[in-house]
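Numbered by the working numbering, the letters in the sequence shown go through residues 2 to 253 in order. First up is the structure itself, then whatever we jot down about it.
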Amino acid sequence: MYICTSLDLKGRTALITGASRRIGRAIATRMAKDGADIILHYMSSADEAASLREDLNKRGARATLLKADLSTPEGIDQVLSFSKSYGRDIDVLINNASVFKKATLWKEEDIPSMAPVLQANALAPYLLTVGLAEGAGLKRVINITDALAWLQRRKGYAYSLSKDLLTHITYALALDLAPGVTVNAVAPGPILPPEGKDYKYLDRVGGTVPLKVRGGPADVVNAIMFLLASDYITGQVIYVDGGAHLLKEGII
Ligand SMILES: NC(=O)c1ccc[n+]([C@@H]2O[C@H](COP(=O)([O-])OP(=O)(O)OC[C@H]3O[C@@H](n4cnc5c(N)ncnc54)[C@H](OP(=O)(O)O)[C@@H]3O)[C@@H](O)[C@H]2O)c1
């Protein structure tokens, strides 16, 4: 069941970063189903990206693959060069790709691993948005943040900071790119198990949020579709987290 059923994406092109698997794949699949052409960005999941492209093509959607490492300036340049040579406007940008690396605030040896995380999770969405907004076509940007990023403060310090920074980038760009482009964020809670964890773990986390259950990729997709359909919402964060953001210290 979807909240929004009336959005017609026909004739629009969406660039979705980290689209080959998991939540990104669900976003790409739904947007293609609603008629959008999709640029499927991926980094290392080449097989999954190729199978998704095949799947979308079979359903009549035009899907194009784009490989780039967004933790490097070269990778960001690659995406922007691709967008210039694509030949059509890119109307929608979904900044979904994300890097997590263990890093604490206190260990000096962790510091070098922080820069690529900040680059991929915050600087890349910013630079891609600004770069694409220079063309005429961009209308909607959705940044995927994290309602529970603060939980990672101890183990994934850079990840936690990067998602906070991305929220602030969302507010700043919503102002700076108005009136032509809306910029919003969706902040998922427990949706899919992180690397090394299973659904038991996710159910345990889900049990601690006010709605007492984990979500699923369709919940994130619903929020995105709502924002894509909205002409008068910008600079918002929609929490898709069963109310977890209301608790902070109360969770797990
Ligand atoms: N899963 C959850 O429950 C949850 C909760 C809160 C927030 N979120 C946020 O929701 C979004 C999607 O979540 P997810 O769990 O589906 O994401 P994910 O699996 O952690 O990552 C999505 C994709 O990011 C790409 N990526 C990683 N490093 C990259 C790099 N250096 N350059 C370019 N791409 C890179 C990967 O592509 P390849 O596989 O091709 O390498 C990966 O498939 C993320 O922004 C995440 O932070 C998720």
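For glycine and all other residues, C-beta sits at the position ideal for the given N, C-alpha and C.
Roughly how many whole angstroms lie between the Cα atoms of residue i and residue j?
i, j, result
"Gly-181", "Tyr-240", "24 Å"
"Glu-87", "Glu-49", "For the sequence presented, residue 87 should be read as Tyr rather than Glu. Each residue's alpha carbon lies about 22 Å from the other."
"His-246", "Asn-144", "17 Å"
"Ser-84", "Lys-213", "42 Å"
"Ala-137", "Val-100", "30 Å"
"Val-184", "Ile-28", "17 Å"
"Trp-151", "Asp-92", "32 Å"
"Ala-104", "Gly-61", "43 Å"
"Glu-135", "Leu-229", "20 Å"
"Leu-248", "Asp-232", "31 Å"
"Ser-45", "Asp-177", "33 Å"
"Arg-63", "Val-238", "30 Å"
"Arg-26", "Met-226", "14 Å"
Tell me which same chain residues have a C-beta within less than 7 Å of the C-beta of residue i, skipping the five on either side of it?
i, result
"Ala-123", "Ser-163, Leu-166, Leu-167 and Ile-170"
"Leu-94", "Leu-16, Leu-129, Thr-130, Leu-133, Leu-139 and Val-142"
"Asp-147", "Lys-164, Ala-188 and Pro-189"
"Thr-235", "Ala-175, Ala-179, Thr-183, Val-184 and Asn-185"
"Tyr-172", "Gly-236"
"Tyr-202", "Pro-194"
Do residue i and residue j have their CB atoms nearer than 7 Å?
i, j, result
"Ser-21", "Leu-71", "no"
"Val-210", "Gly-243", "yes"
"His-42", "Leu-67", "yes"
"Asn-96", "Thr-18", "yes"
Which word fits residue i, buried or exposed, when buried means at least 16 other C-beta atoms lie within 10 angstroms of its C-beta?
i, result
"Tyr-160", "buried"
"Thr-14", "buried"
"Asn-58", "exposed"
"Arg-89", "exposed"
"Leu-106", "exposed"
"Asp-199", "exposed"
"Ile-112", "exposed"
"Pro-74", "exposed"
"Gly-197", "exposed"
"Pro-218", "buried"
"Ala-121", "buried"
"Ala-98", "buried"
I'd like the list of long-range same chain contacts for residue i, defined as Cβ closer than 6 Å, with 5 residues on each side in sequence excluded.
i, result
"Gln-79", "Ala-69"
"Arg-23", "Leu-193"
"Thr-254", "Given that the chain is displayed from residue 2 to residue 253, the structure contains no residue 254 and the question cannot be resolved."
"Lys-11", "Gly-36"
"Gly-76", "Ala-69 and Asp-70"
"Lys-102", "Ser-114 and Val-118"
Once you ignore the five residues that flank residue i on each side, which residues in its own chain have a CB closer than 8 Å to its CB?
i, result
"Asp-9", "Asp-35 and Gly-36"
"Gly-216", "Pro-189, Gly-190, Pro-191, Ile-192, Gly-207, Val-241, Asp-242 and Gly-243"
Examine chain D for any beta-carbon lying closer than 7 Å to the beta-carbon of residue i, and answer yes or no.
i, result
"Thr-18", "Reference to chain D is not applicable here, since this structure consists of a single protein chain."
Legend entry - Meets three-Cβ-pair contact criterion under 8 Å: the segment 127 to 137 and the segment 147 to 157: no
Legend entry - Contact the segment 36 to 47 vs the segment 102 to 118: 3+ CB pairs below 8 Å: no
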